[in-house]
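Engineer: Okay, here's the structure, questions in a sec.
Residue numbers (this note's numbering), protein chains in the order written: chain A, 107 to 223; chain B, 34 to 186; chain C, 5 to 97.
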């Protein structure tokens, strides 16, 4: 049966991933590339959480919950792990951008690619 | 270092942020939350202190030795609790049924009780310590590197 | 010329992704799953906690949390290793 929203959260996640692909292919500034990777992470996390939704469902916690079906809890656990891993990778990337700026004085990815003697 | 009004207000507000973060960590088995979320709340309070005071001032309170001990003890608590039930299976919930944290709640919706949960509250404390020490060390290192630079050729 | 080809390829990929979401995925709100029904029914007796997500993260899938704690530790060590300010003592001869 078709839901009345026509799978709108899935389409939004696909659009987020698509816009981040444009940033990763066509932009050259290093800070913009890091923002694109963050946007890619947000799209994937939204897709994971939207996979486990049940119609008219409540949060999967038994403390003072009104009766009814419950949303699936396993995709929420996977999203938690994914968010923490993305924070760790983002911290390492920002550290390397700080060091690149210290050594070459420029944040353009085409000018800091040439090895200097 | 910002003006005196900002410094005084930050000194008073850090207490409320710390209490809210500890509430989210300790009640991880009753309400939404847990170790990772409460750790992120406390780290945002530390960043507020870093902005109000300069990084050189904050380095005297949060020394490197204190942060290293906190992070290592958090990891050791997590691994120790995982190995404690090794007689049956790795990660076995050995505290269910014992009177320390192991009261089984009534089936179905109902108000929560803190003394339930098995070893989940203790693991939340270990993970919360680890996240607070790790992320505040990263933020402090980035602020110190780009402010106190003395390039000697 | 290269820019135009890149734009066309990107448009094709985004079109494939969006149309895949409209046609190939289960309707939003009716997931076909059996494993989570067992977890929702029996989590209160086996793990003795009211929060089913916390018991999934720390009890039913504890290995994933162990790997995630290792990644956090390694990333913090890597960042603190790269951002050191080493003061060199000048040796005057």
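Built from N, CA and C at the ideal position, the CB exists for glycine as well.
These numbers were taken from a predicted model, which means no experiment stands behind them.
Give, in chain order, every residue of the region 11 to 31 of chain C whose Cβ lies closer than 8 Å to some Cβ of chain A.
Structural biologist: Listed by position along the chain: 14, 17, 18, 21, 22, 24, 25, 26, 29, 31.
Engineer: Go ahead and pull the three-state DSSP assignment for residue 54 of chain B.
Structural biologist: Helix, per DSSP.
Engineer: How is the alpha helix (DSSP H) around residue 77 of chain B delimited, first residue to last?
Structural biologist: Counting along the chain, the alpha helix (DSSP H) containing residue 77 of chain B begins and ends at 68 to 85.
Engineer: DSSP three-state label for residue 71 of chain C, please.
Structural biologist: Helix.
Engineer: Can you give me the C-alpha to C-alpha distance between residue 150 of chain A and residue 38 of chain B, rounded to a whole angstrom?
Structural biologist: Between residue 150 of chain A and residue 38 of chain B, the C-alpha separation is close to 42 Å.
Engineer: To the nearest angstrom, report how far apart residue 184 of chain B and residue 73 of chain C are at their CA atoms.
Structural biologist: Reliability of the predicted coordinates at residue 184 of chain B is poor, the pLDDT of 44 falling under 50, and the value obtained from them is presented with this limitation in mind. Between residue 184 of chain B and residue 73 of chain C, the C-alpha separation is close to 36 Å.
Engineer: Express the C-alpha separation of residue 173 of chain B and residue 194 of chain A in angstroms, rounding to a whole number.
Structural biologist: Straight-line Cα distance between these residues: approximately 15 Å.
Engineer: Helix, strand or coil for residue 54 of chain C per DSSP?
Structural biologist: Residue state, collapsed to three classes: coil.
Engineer: The region 113 to 140 of chain B: which residues have C-beta closer than 8 Å to a C-beta of chain A, in chain order?
Structural biologist: Answer set for the region 113 to 140 of chain B: 138.
Engineer: Could you give the distance in angstroms between the alpha-carbon of residue 127 of chain A and the alpha-carbon of residue 115 of chain A?
Structural biologist: Going by the C-alpha atoms only, they are around 19 Å apart.
Engineer: Might you give, ordered along the chain, the residues of its own chain that have their beta carbon closer than 6 Å to the beta carbon of residue 103 of chain B, omitting 5 neighbours on each side?
Structural biologist: Within the same chain, residue 103 of chain B has close Cβ partners 162, 166.
Engineer: Which residue marks the beginning of the alpha helix (DSSP H) containing residue 209 of chain A, and which one marks its end?
Structural biologist: Taken as a continuous stretch (DSSP letters only), the alpha helix (DSSP H) holding residue 209 of chain A covers 180 to 210.
Engineer: Can you tell me which of A:170, A:212, A:120, A:200 puts its alpha carbon nearest to the alpha carbon of residue 171 of chain B?
Structural biologist: Per the Cα distances, A:200.
Engineer: Using a Cβ-Cβ distance cut-off of 7 Å, determine whether residue 80 of chain C contacts chain B.
Structural biologist: Yes, its Cβ sits closer than 7 Å to a Cβ of chain B.
Engineer: Should residue 54 of chain C and residue 145 of chain B be called a contact, given that it needs their Cβ atoms to be closer than 7 Å?
Structural biologist: Contact flag set, yes.
Engineer: For residue 70 of chain B and residue 57 of chain B, I'd like the C-alpha separation in whole angstroms.
Structural biologist: For residue 70 of chain B and residue 57 of chain B, the distance between alpha carbons rounds to 7 Å.
Engineer: Name the two residues that bound the continuous alpha helix (DSSP H) containing residue 14 of chain C.
Structural biologist: It spans 6 to 27 - the alpha helix (DSSP H) in which residue 14 of chain C sits, taken as one unbroken run.
Engineer: Is there at least one Cβ from chain A nearer than 7 Å to residue 111 of chain B's Cβ?
Structural biologist: Not closer than 7 Å to any Cβ of chain A, the Cβ of residue 111 of chain B fails to qualify, so no.
Engineer: Spell out a yes or no on whether the region 116 to 126 of chain B and the region 53 to 67 of chain C are touching, meaning 3 or more CB-CB pairs, one atom from each, closer than 8 Å.
Structural biologist: Touching, yes, given that three or more Cβ pairs across the two stretches are closer than 8 Å.
Engineer: State buried or exposed for residue 28 of chain C, treating a residue as buried only when at least 16 other CB atoms are found within 10 Å of its CB.
Structural biologist: When all chains shown are included, residue 28 of chain C counts as exposed.
Engineer: Answer yes if the region 82 to 95 of chain B comes into contact with the region 40 to 59 of chain B, meaning at least three C-beta pairs across the two stretches below 8 Å, and no otherwise.
Structural biologist: The region 40 to 59 of chain B is in contact with the region 82 to 95 of chain B.
Engineer: Out of A:113, A:148, A:123, A:142, which has the shortest C-alpha to C-alpha gap to residue 160 of chain A?
Structural biologist: When only C-alpha atoms are compared, the closest one is A:113.
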